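In this text, residue positions in the sequence shown follow our numbering: the first is 3, and each later residue adds one.
Even glycine gets a Cβ: it sits at the ideal position worked out from N, Cα and C.
Just so we're clear, the structure is a prediction, and the values are computed from it rather than from any experiment.
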Amino acid sequence: MRFSLLILALTSLLGVLAKQPTAHYRDLPTLRKQDELEKAWVQKRYELIPSILKKYGYDAWILSMREYAEDTAFRALVSSTTTFSARRRTLFMFHTDPSVPSPFHYVELKEELWEALNETLHKVDPKKIAVNIDEDMAFSDGLHTGEGRLLLSKLGPYADRVSSERGIGVETVAARVGGEEQLSMYKLMMENVWAMVQEGFSERAVEVGKTTAEDLEWWFRDVMRWRFGTGTWFPPTVNIYRSPAEPSAEEDPYMRPGDLLHVDIGITAMGMNTDTQHLGYILRHNETSPPASLIKGLHDANKLQDFVRKQMVPGRTGDEVFAKVSADMEKAGLKGRIYSHPIGDYGHSAGAIIGMANNQGPISGGGQNKVLENYWTSVELAGVTYIPEWGIEQAFELEEDVYWDEKTKTFEWVFGQQTEIHLVKPKYSHKKHSWLTLAAGKLGWEVVKWQ
Ligand SMILES: *[C@@H]1O[C@H](CO)[C@@H](O)[C@H](O)[C@H]1NC(C)=O
Ligand SMILES: *[C@@H]1O[C@H](CO)[C@@H](O)[C@H](O)[C@H]1NC(C)=O
């Protein structure tokens, strides 16, 4: 106990960050089991929607769509493992009348669909009906124009009760309804992402002098597809950052000792998406860790990550969080850019947007959305730190997803926080075979080859 207190005191004294966890590849459930899980989560979302309607003063919410012209909220209403698109004309009406089953759900192209809707409308008799039309927010703007015209023409006397409310689509899509079970699956996905990045940014995947950023991007695609069987919502990108004194990555795309590597990567499974950015470093022959300046760059960016995580107080708008984080950065004398976004059923999902990469200020639409407890956010940002060895300011781009922890009442990292740069340790050969290297050796030059 006393010993751990001492460690605690020492670590806080030195400002040492928590050691990052080691990840392992782990099997996801069978697709059949994934579908079962997703269907249970979707059911819980159905049960939640009436309370969202009441919060915004609505009695019903109608979503009408056709195959391939789905509403943007559709994905949040079905299991992605077995339902890929809407069929025929697909209609959902969620409502607040407990004596009538909600949602009314009908799939049909014939007139009987409208008759059935009319019947349900007369039973529920909603005073205020929401539809998804919004100028700013995609998740609340899923009613296609033609579909909307037809719907209104079919609503008869109820057409006058229709209006739009942005919050309903946003909160429905944002809601993480599967509790601990869904979170445990999300953690499982995230651990696989970490395991993949740890392997990708190591000598097992990187061959110095041979591997390019593009090679590694395709390597990641194959690993996620074939090693643990998931898709993705964007192709991973790998970047090489190096000293301006060396040939640029455009001139020499092959990874070199001393390169700082960056990856932006996410996977998709069970209707969930992840988004992660990590850094790696290729050790030089005489190094056992990256230069102190690069480690400092990572730790500066870690501080920004913690600012965002802590300022994400439920009820604050994205713009308010952004302003608080900017003040924290100013106080700490740290430079950087903040561009964090909600994540879940969509990679860039519904909820509070905290800055954008190309707009470091208030964000129209998403910036006014509030931080919610029951949703996830991708804390995405770049710390900017001067690297004396390179003579430039370098962006340290990091991204890590957070969830609301009921016990600590804060947003916590889904799997962990990268506090150590992943290391590629090339197998340097110090053998001096050739005549020239022998001569060079005699002259006192250090000649080292990588395999
Ligand atoms: C809608 O349903 C009501 C009540 O059942 C009925 O009186 C009315 O005729 C129906 N309207 C249409 C257009 O079918
Ligand atoms: C490693 O070797 C390089 C030359 O190859 C030198 O510039 C650098 O200072 C050395 N670094 C350390 C930590 O010894």
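- In this structure M358 does not touch Y377 by the C-beta definition: roughly 18 Å separates them, more than the 8 Å allowed.
- Under the three-pair Cβ rule at 8 Å, the stretch 350–364 counts as touching the stretch 170–183.
- Distance from N134 to S87 at the Cβ level is roughly 17 Å; contact not present, criterion being Cβ atoms closer than 8 Å.
- K372 has T319 as its beta-bridge partners, per DSSP.
- Inside the stretch 254–339, DSSP marks whole alpha helix (DSSP H) runs of 4 or more residues at positions 294–313 and 320–334, from first to last along the chain.
- The Cβ-Cβ distance between V80 and V44 falls below 8 Å.
- One alpha carbon belongs to L154, the other to T74, and they sit about 19 Å apart.
- Distances from the alpha-carbon of K130 to those of D347, T92, L55 and E322 put L55 closest.
- Using a C-beta cut-off of 8 Å, the stretch 193–212 makes contact with the stretch 265–278, since at least three inter-stretch Cβ pairs fall below that distance.
- Excluding residues up to 5 positions away in sequence, Y60, W63, E167 and I170 lie with their Cβ nearer than 6 Å to the Cβ of A132 in the same chain.
- For the stretch 107–139, the continuous beta strand (DSSP E) assignments of 3+ residues that do not extend past its boundaries occur at 131–133, in sequence order.
- When DSSP reads this structure, H343 sits in a beta bridge with S380.
- The C-alpha of Q419 is placed about 11 Å away from the C-alpha of A303.
- Ranked by how close their Cα comes to the Cα of F94, the residues G320, L145, S380 and V373 have L145 in first place.
- A residue is called buried when at least 16 other Cβ atoms come within 10 angstroms of its Cβ; I242 meets this threshold and is buried.
- Contact annotation: the stretch 388–405 does not touch the stretch 368–375, with fewer than three C-beta pairs closer than 8 Å.
- Short of 8 Å from the beta carbon of P237, and not among the five residues preceding or following it, lie these beta carbons of its own chain, in chain order: E219 and R223.
- Applying a distance threshold of 6 Å between residue Cβ atoms and the heavy atoms of ligand 1 selects E117, N120, E121, H124 and G158, given in chain order.
- By the beta-carbon neighbour count (other beta carbons within 10 angstroms, threshold 16), S142 is buried.
- Beta-bridge annotation (DSSP): R68 is paired with A71 and R91.
- Residues V416 and F417 of the same chain have their beta carbon placed closer than 8 Å to that of K189, with the five preceding and five following residues left out of the count.
- One alpha carbon belongs to E117, the other to L306, and they sit about 56 Å apart.
- In the three-state DSSP reduction, V404 falls in the strand class (E or B).
- Looking from the CA of Q279, the closest CA among H424, M187, E114 and K35 belongs to H424.
- Under the three-state reduction of DSSP, F222 is assigned to helix.
- G181 and N120 have their C-alpha atoms some 35 Å from each other.
- Under the DSSP assignment, E252 falls outside any alpha helix (DSSP H); it carries neither an H nor an E label.
- Approximately 3 Å separates the beta-carbon atoms of A25 and W196; this is inside 8 Å, confirming the contact.
- For E193, the uninterrupted alpha helix (DSSP H) run begins and ends at G181 to G202, by DSSP.
- Cβ neighbours of Q313 within its own chain (closer than 6 Å, five residues either side excluded): V323, K326 and V327.
- Distance from the Cα of L296 is smallest, within the candidate group D308, L262 and G320, for L262.
- A397 has V386 as its beta-bridge partners, per DSSP.
- Annotation: D321 to F398 spans about 23 Å, alpha carbon to alpha carbon.
- Inclusion of R28 and E183 in the CB contact set at 8 Å is not warranted, their separation being larger than that value.
- If you draw a 10 Å sphere on the C-beta of P23, you find fewer than 16 other C-beta atoms in it, and that means exposed.
- Nearest to M272 by C-alpha distance, out of W235, G317 and T379, is W235.
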